[in-house]
Every structure is written in C-alpha cells, then in structure tokens.
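Peer 1:
Protein chains in written order, with the working numbering: chain A, 854 to 1229; chain B, 303 to 671.
#1: Please confirm whether residue 384 of chain B has its beta-carbon closer than 7 Å to some beta-carbon of chain E.
#2: Using the C-alpha atoms, what's the distance from residue 638 of chain B back to residue 1172 of chain A?
#3: So with CB distances below 7 Å, who are the chain A contacts of residue 562 of chain B?
#4: Let's see if you can read the secondary structure: which residues bound the beta strand (DSSP E) around residue 361 of chain B?
#5: Pull out every residue of the stretch 1119 to 1142 of chain A whose Cβ sits closer than 8 Å to any Cβ of chain B, in chain order.
#6: Out of B:434, B:322, B:617, state which residue places its alpha-carbon closest to the alpha-carbon of residue 682 of chain B.
#7: Just checking, does the stretch 1010 to 1027 of chain A make contact with the stretch 988 to 998 of chain A on the three C-beta pairs under 8 Å criterion?
#8: Could you work out which residue in A:894, A:1180, A:1118, A:1121 is closest to residue 1192 of chain A when comparing CA atoms only?
#9: Which ranges would you report for the alpha helix (DSSP H) in the stretch 960 to 1010 of chain A if only whole runs of at least 4 residues count?
#10: So residue 1116 of chain A contacts chain B; which residues on that side make the cut at Cβ distance below 7 Å?
#11: Taking only beta-carbon positions, decide if residue 897 of chain A is within less than 7 Å of chain B.
#12: So is residue 928 of chain A buried or exposed if we call it buried at 16+ other beta carbons inside 10 Å?
#13: Looking at the C-beta of residue 540 of chain B, does it have a partner C-beta in chain A at a distance below 7 Å?
#14: Going along the chain, which residues of the stretch 895 to 926 of chain A sit with their C-beta nearer than 8 Å to a C-beta in chain B?
#15: Verify whether the separation of the beta carbon atoms of residue 357 of chain B and residue 521 of chain B is less than 7 Å.
#16: Does the pairing of the stretch 357 to 370 of chain B with the stretch 1005 to 1014 of chain A give three or more beta-carbon distances under 8 Å?
#17: Would you call residue 577 of chain B buried or exposed, if buried means 16 or more other Cβ atoms sit within 10 Å of its Cβ?
#18: Under a CB-based cut-off of 7 Å, is residue 394 of chain B close to chain A?
#19: Please state whether DSSP places residue 552 of chain B in a helix, a strand or coil.
#20: Counting Cβ pairs, one atom from each stretch, are 3 or more of them under 8 Å apart for the stretch 529 to 542 of chain B and the stretch 601 to 621 of chain B?
#21: Is the CB-CB distance between residue 327 of chain B and residue 1163 of chain A below 7 Å?
#22: Closer than 7 Å between beta carbons: that is the criterion. Which residues of the stretch 987 to 1012 of chain A meet it against chain B?
#23: When we look at the beta-carbon of residue 1142 of chain A and count the other beta-carbons within 10 Å, is it buried (16 or more) or exposed?
#24: For the stretch 467 to 488 of chain B, which residues have a CB atom closer than 9 Å to at least one CB atom of chain A, in sequence order?
#25: Can you check which of these residues, A:1102, A:1024, A:882, is closest to residue 960 of chain A by C-alpha distance?
#26: Does the CB of residue 868 of chain A have a neighbour CB from chain B at under 7 Å?
#27: Taking the C-alpha atoms as reference points, what is the distance between residue 885 of chain A and residue 1112 of chain A?
#28: List, in order along the chain, the chain B residues whose C-beta lies closer than 7 Å to that of residue 1057 of chain A?
#29: Whole angstroms are fine: how far does the CA of residue 1223 of chain A sit from the CA of residue 1138 of chain A?
#30: In its own chain, which residues sit with a C-beta less than 6 Å from the C-beta of residue 908 of chain A, not counting the 5 before and 5 after it?
#31: Quickly, what does DSSP pair residue 571 of chain B with across the bridge? List them, please.
#32: Looking only at its chain, what residues have a beta carbon closer than 7 Å to the beta carbon of residue 1080 of chain A, apart from the 5 residues adjacent to it on each side?
#33: Can you check whether the CB of residue 1128 of chain A is closer than 7 Å to the CB of residue 1213 of chain A?
#34: Assuming residue 1126 of chain A is part of the beta strand (DSSP E), what are its boundary residues?
#35: Are the CB atoms of residue 981 of chain A and residue 967 of chain A nearer to each other than 7 Å?
#36: Residues of the stretch 558 to 589 of chain B in Cβ contact with chain A at a cutoff of 7 Å, in chain order, please.
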C-alpha cells in the first residue's frame, strides 16, 4: 500500500505539489500565530531583563514592570542604598507618551535612565548623552524615517535623535531612551513644566548587590527596610509580566489556533477526498482484485501522512521566512517561529490532522463498485 | 460553456462544500484576527463615548487617554469651571494598573471618581453599588466572574487592597478593562495628591463644543481641550494603528492560504476532466473560454467562501461574547470590504494555477481509447 501511495503522489506531481504547499501554508500560518504570541511574551520578558540590575525595586505592591505605573518617593534611592548588601541603586523612570507626526499617532514608552537601564543594543548612532537627546527603537525610526541627527518633536519638545536601538519594544509599543538631564530639560522646556510637581519622577530602582551578597536576601532586606517599595528579582518581574501577557492573550490565541486547526483538518480532508475521487477507477480495479476498504484506507492515510511529513519542514521554512519579513517591515513585532516546543506540538497536531483528514473519503471508498473497473 | 461550468462546479457537492468551508476558514481567520483588534479599538473609547462629555481637558502636549499620562494641577478644575459656557466640570484621575483577585491578575485602567459623582462612573451595572466609596472598587463583571469574586471580596489594585462594591457591565476587554475607585484613594495610591488627570466638561445648552474647547485653551494656562468626538477619534486611531501592520500581514497570509486552496480545487477540476476538456477543444471550444469557465468556478468558490466566512463570524461574535466574554470581537465594514476584495483577488489568482494544465490538453486525446 505504501508503494501505491507513493505512486499516487508522483502520478499527479502538480496536484501533489499544490497539496503539500497548501498544508505547509496552513502549518506556517499556525506557527506564525504561535510565534507572534511567543514573541510578544519574549518582548515582555526582555523589557525587564534588558534593563539590567540584580534587583528591581518598584512601588510597594506593584508587581509589573510594563503594565502598571510605579511611583517611588525620591527619598527611596537613599533608603535602598542604605540597606546592607546594596552596592548601588540606579534610578529609572518610565513615561508613556504619544508621538504624533506625519498624520499618525504612535504610543511610545520613554525610559529615563542615569547610568543603568538604558538601551541594550544600539544599531546606529549612540546612546543619548544629555540635553535634548533621545535614542529610539528601530520600529519607530523606520516608521517615521528618523535617524541619528534628526529632530523628533515629542510633547511639544524638540529632541535630537542620537541613536537607534534594536529589540526595545513590548506590547506593540516601541521604547525610547533619554537621560535624567534630558528629562529635566524636557520638563522645563516643554508644556509639561507647568505641572512638573505632579509628575512621577522615579518609577524603579535598578539595584546592584554587593559582591558576594545573595540577591534574594537583599530583596527581603529591602522589603523589610523600605515599606514604600518592593524588591523583585528581574526574572520574577519578567515572569509576572509574561504571565499577565498570557492572561490577556491566551483566550484569543486558543480561539484563533482552534480555527486554524479546523481549517487544516478541512483542507487535508478536502485533499484526500479529491484524491480518492480522481482515482475512483484505479481504486475500483484494486477493489476488483480483492483489496478491502481497510487496505484502500491505509493507502489513503499513508498518502496523507507522506504529504504532511513533506509539508512540515516546508511549513517551518515558510513560517521562518514570513517572520523575518514581518520583523523587517514592522520591527515593533517579534515573531518567534523557532520555539522547539511549539514546532513539535504543531508538527504532531499536523500529523494527527493528516490522519483525521484522510478519513474524509471513507464513505466514497466504502461505496466503490468493483464493476466500474471494467467500464469504458 | 456556462452550463458546463455550473454542472462541473456542483458535480461533487460534498467536495464543493469541503472546498468552500476550507477557503471560508481562511477568510474567517482574517476576519477574526481583525475582529479582535476592532473589538479592542471599540472598547478603548468606551469610557469617552459612554460618558459623552462635550469637551475633555488634559495636560498640554497630551491628546489621548490611553498609552499616555496626563496630570493637571487641581486648581485648573475651578479655572475651567469659570470659562463662559461651561455647565459642569468633572475631574477624574486615571492610571493603568494590574488588578489581583482570586489568584488572577488582570490589566486594567483605573478611574478615580469624585465621591458621589456618577458623571464619569460606570454606565451600566451588573450588580452592587453604582459608585465606589472610600476603600471600595467597582470591577468589571467579566473579571469578577473569572476570579470568582462576590460583593465585599477584596481586590488588590496597584498594590493596595480594596473591597468590591459592585460589578460594572460593558467595561471589560482583553486589554482595556475599566475599574472605578474614588479619586482620593487613587491619589493616595500613586502619591499624586493635588492633581487630576482629565476634566470632563459639560457645556451649557446651545454652546458649541469646539468653540468651548478653543475658549478653554485660550483662558486656562497650559491645557489641551478636545471635543468628545476628536478625543475619541484619536484614541481609536491609536488602537487601530497598533494592530494595523499585523492585521495586513495576517490578511496576506490568509489570502495566500485561500489562493492555494482555491487553486488546488480548480486544478483538481481540470485534472479530473482532461478528457472532457479534450473533447471540448476538439469541438472547437477555445482555451480562452475554458479559462473563463475556470475563473467563474474560482470566483463562485471564493464568493461562497467569503459569504460563509461572514456568516460564521457574524454568528461567532455573539456566541463568543456569551461563551468567552473575555474576548471582545467586532466586525467592521472596513474589514468586510478588505476581506471581500481579497476573496475576489484570490479567485482570480487561483484560476491561473491550472493554466498550464489546460494548455497541455491535446484535443486528439479525445479520440484515444
């Protein structure tokens, strides 16, 4: 039966190719959806991890870096630095602003930093060094055609782009970076200045622990010694944001994946059904020669499995290519199609769908009349 | 030729149904993906639209409610109230936070309300008190149900404990839920005493909202004022733009999938009927007529699939809302147009797939045994 399945596949190479291509496209689409979500979670994690520090101190009770606003009193830095085991505490402020240009509005998160927490990867120009300078993520730079030296008007204040960063975005929102010197200029020169007293000036502290100190113990000491603040290991804070992302996007991902798998089952069923229909006469001959429905069904399943096995690597390659295309055209998105767990899961489901889809022509095979083999 | 086209198309109704269903699935996926962003975009402006203030006042340099921060010194409440044509000013404090309850975490926008003033409060209640008191919160009913909350249960907002006083309806979505607390509680939580975020301004009867917004900007130092329509449009635009690129890419992927599926179906029709095509060619039917027939077949499949996808998604929107209320879906006219045009383009491209096969059919083969 396997040889027959192989011969059938090679008999109509055009159709076989189209079938493999279509199954691969479905697979690629599923991998893209999974990769889109996986990339979103990775960005949420990286937003925290890329800031550096052995500990991140935020407002008491705030367990999210990206989704919640943390406001720390100014004195917190001195209080944290006084805790045994703390080598240094670097301030970091996160501001949500809207960049408006060329008739478009883009939300951005401006990270204000001193000597830690700045851009982790600069691909053009340099990090901001003070007055009026800003480094922006590649997604923002490409969307608005901005590069080092260009003027970027943000909240009625003219920044000069000092550099372009990479991989600085989360929740479809690019990051920009300015220094505290830049923030002060921004506050006083822009329209924000009038209400500066109300503005949150310190969001987080990035803590370096002293050599040999245990970060977890230092975190506990900060929690006990500074009641207005909570200290978390960056990995824990990152996991909190990732889990929040999963809570937000999980239900819709499951819905879209369910739909995609349904399309896959329908499509493979369609291919098997069409394949059997086009070979009714050949299959009638086999039936006349004594092959049972079970034999014929085995052949159809083997054919569907063979196509699925060829489609899986092709689908993975297609998904990888599409992910690269999306990230090139719109770098605010990260599409990770190379997660081994996701790849295995999708491949196994595809094989299962191939078997399921191959059952679609079961009725036609049962009704095959051996006499049709002898008709003209 | 038309008769043959119709006959061929409906010769295997099961196959046609499977074909149309598979292609419809690809279109439905695009509509669903688009629907998620549209649903969120509609929810993002729910507070602005449902409270229906004539003018919104915010910090100068700010023109949106979401993904930004606005702080106004509270003396500006009286300054705005003193502008001619202003009937009422309602301040709110506003921030994004994570709500924790029943072991669940959820992202939410938190609105701080003046005590006893329902002007900017929840517009529909599922249960409980319509306004929060000190130390109380009104949470979305969907979140409450998900977290197993009852009236009086504790919730943690921005690290502070509140008691649930009521469940609001129509305030929940994947990324834009709204929770209400008192302005003083929220100010304490974010150490922002003496400031508010936005002012909702109701105009005196007969006062033009745009003129009033302009007057407020003239008379009150460093504020921005927008009519409700402008403010809502800007926030909606933000939400749409955040998903625009990925929606287009998903449309392309779904479209490519539909091309392959439709192409396969039309190609299968050709390979199964090579002898009939040979006879037709032998009888003088031109290749052009055969192509036209294939194109009609592809177009019928594409349009039937599109219609089925629209029907499925139209049914799925209320069903999803009932079964999985966490997901907000909305089907927009723009999305239908885009997918409909994609369906037509898909059909036209798919009809090209079997061209070589048609060309290779030899009329003489009609006379072979």
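Here a beta-carbon is modelled for each residue, glycine too, at the ideal position from N, C-alpha and C.
Source: prediction; values computed, not measured.
Peer 2: In short, the structure shows the following:
#1: Here the protein chains are A and B, and chain E is not one of them.
#2: Counted from its first residue, the first chain places residue 1172 of chain A at position 319. Counted from its first residue, the second chain places residue 638 of chain B at position 336. One alpha carbon belongs to residue 1172 of chain A, the other to residue 638 of chain B, and they sit about 26 Å apart.
#3: Walking along the second chain from the start, residue 562 of chain B turns up at place 260. Per Cβ cutoff of 7 Å: 871, 874, 875, 878.
#4: Translated into the one-based positions of the second chain, residue 361 of chain B becomes position 59. In this chain, the beta strand (DSSP E) harbouring residue 361 of chain B covers 357 to 361.
#5: Cβ proximity to chain B below 8 Å picks out 1119, 1120, 1122, 1123, 1124, 1126, 1127, 1130, 1131 from the stretch 1119 to 1142 of chain A.
#6: This structure gives no information on residue 682 of chain B, because the portion of chain B shown stretches from 303 to 671.
#7: The stretch 1010 to 1027 of chain A, when compared against the stretch 988 to 998 of chain A, does touch it at the 8 Å Cβ threshold.
#8: Taking the first chain and counting its residues from 1, the one referred to as residue 1192 of chain A is at position 339. Residue nearest to residue 1192 of chain A within the set A:894, A:1180, A:1118, A:1121 is A:894 (criterion: CA-CA distance).
#9: List check, alpha helix (DSSP H) in window: 991 to 997.
#10: For this step, residue 1116 of chain A is matched to residue 263 along the first chain. Going along chain B in sequence order, the residues near residue 1116 of chain A (Cβ under 7 Å) are 324, 327, 328, 331.
#11: Taking the first residue of the first chain as 1, we reach residue 897 of chain A at position 44. Closer than 7 Å: no.
#12: The residue given as residue 928 of chain A occupies position 75 in the first chain. By the C-beta density criterion, residue 928 of chain A is exposed, having fewer than 16 other C-beta atoms within 10 angstroms.
#13: Walking along the second chain from the start, residue 540 of chain B turns up at place 238. Cβ-Cβ to chain A under 7 Å: yes for residue 540 of chain B.
#14: Per Cβ criterion, the list reads 912, 913, 914, 915, 916, 917, 920, 921, 922, 924, 926.
#15: Position 55 of the second chain, counted from the start, is the residue given in the question as residue 357 of chain B. Position 219 of the second chain, counted from the start, is the residue given in the question as residue 521 of chain B. Cβ distance not < 7 Å, so residue 357 of chain B and residue 521 of chain B don't count as in contact.
#16: Yes, the stretch 357 to 370 of chain B touches the stretch 1005 to 1014 of chain A.
#17: Working through the second chain from its first residue, we reach residue 577 of chain B at position 275. It is exposed - the Cβ of residue 577 of chain B has fewer than 16 other Cβ atoms within 10 Å.
#18: Working through the second chain from its first residue, we reach residue 394 of chain B at position 92. No, its Cβ sits nowhere closer than 7 Å to a Cβ of chain A.
#19: Stepping through the second chain from its first residue, residue 552 of chain B is reached at position 250. Correct three-state label for residue 552 of chain B: helix.
#20: Taking 8 Å as the limit for Cβ pairs, the verdict is that the stretch 601 to 621 of chain B does not touch the stretch 529 to 542 of chain B.
#21: Position 25 of the second chain, counted from the first residue, corresponds to residue 327 of chain B. Position 310 of the first chain, counted from the first residue, corresponds to residue 1163 of chain A. One thing to note: residue 327 of chain B has its Cβ no nearer than 7 Å to the Cβ of residue 1163 of chain A.
#22: The stretch 987 to 1012 of chain A vs chain B, Cβ under 7 Å: 1008, 1009.
#23: Sequence index remark: in the first chain, residue 1142 of chain A carries index 289 (1-based). Within a 10 Å sphere around the beta-carbon of residue 1142 of chain A sit fewer than 16 other beta-carbons, which makes this residue exposed.
#24: Look at the stretch 467 to 488 of chain B: the residues with a C-beta under 9 Å from a C-beta of chain A are 476, 477.
#25: Here residue 960 of chain A is taken as the residue at index 107 of the first chain, counted from 1. Residue 960 of chain A has its Cα closest to that of A:1024, out of A:1102, A:1024, A:882.
#26: In the first chain, counting from the first residue as 1, residue 868 of chain A sits at position 15. True, the Cβ-Cβ gap to chain B drops below 7 Å.
#27: Along the first chain, one-based indexing puts residue 885 of chain A at 32. Along the first chain, one-based indexing puts residue 1112 of chain A at 259. Spanning the two alpha carbons is a distance of roughly 14 Å.
#28: What you label residue 1057 of chain A is simply residue 204 of the first chain in a count that begins at 1. None at all; the shortest Cβ gap to chain B is about 14 Å.
#29: Locating residue 1138 of chain A in the first chain gives position 285, counting from the first residue. Locating residue 1223 of chain A in the first chain gives position 370, counting from the first residue. For the pair residue 1138 of chain A and residue 1223 of chain A, the Cα-to-Cα distance works out to about 6 Å.
#30: Position 55 of the first chain, counted from the start, is the residue given in the question as residue 908 of chain A. 1060, 1068, 1072, 1084.
#31: Within the second chain, residue 571 of chain B is the residue found at index 269, counting from 1. None, per the DSSP bridge assignment.
#32: Locating residue 1080 of chain A in the first chain gives position 227, where the first residue counts as 1. If we look at residue 1080 of chain A and ignore the five residues flanking it on each side, its Cβ neighbours are 913.
#33: Locating residue 1213 of chain A in the first chain gives position 360, where the first residue counts as 1. Locating residue 1128 of chain A in the first chain gives position 275, where the first residue counts as 1. Not a contact, by the Cβ cut-off of 7 Å.
#34: On the first chain, position 273 is the one that residue 1126 of chain A refers to. Per DSSP, residue 1126 of chain A lies in no beta strand (DSSP E); the unbroken alpha helix (DSSP H) holding it starts and ends at 1087 to 1131.
#35: Position 128 of the first chain, counted from the start, is the residue given in the question as residue 981 of chain A. Position 114 of the first chain, counted from the start, is the residue given in the question as residue 967 of chain A. In this structure, residue 967 of chain A does not lie closer than 7 Å to residue 981 of chain A by Cβ.
#36: If the cut-off is 7 Å between Cβ atoms, the stretch 558 to 589 of chain B has 558, 559, 562, 563, 565, 566, 569, 570, 573, 574 near chain A.
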